[in-house]
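Numbering (our numbering), first residue to last: -7 to 55.
We put the beta carbon where it would ideally sit given N, CA and C, even for glycine.
Note sheet for the following structure.
If you want it as structure tokens, here you go:
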């Protein structure tokens, strides 16, 4: 599936659209198709490594 990924911590230019594996939900989860999503201030901070949650790059924001 296609997903927006933050690939480096160089600011907004680090945001790329790429292919990631399809998620596999467990028996207690559901899979929801998302057609559009907004970008909030925490995601902008994450592109620079300034947000309190600092996942390893590359990562899909909001995941």
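Item                                                                                                              : Value
Tell me the DSSP bridge mates of residue -5?                                                                      : 10
If we ignore side chains and look at the alpha-carbon of each, how far apart do residue 49 and residue 37 end up? : 14 Å
With DSSP as the reference, please indicate the residues paired to residue 51 in a beta bridge.                   : -2
In angstroms with no decimal places, state the Cα-to-Cα distance between residue -2 and residue 12.               : 12 Å
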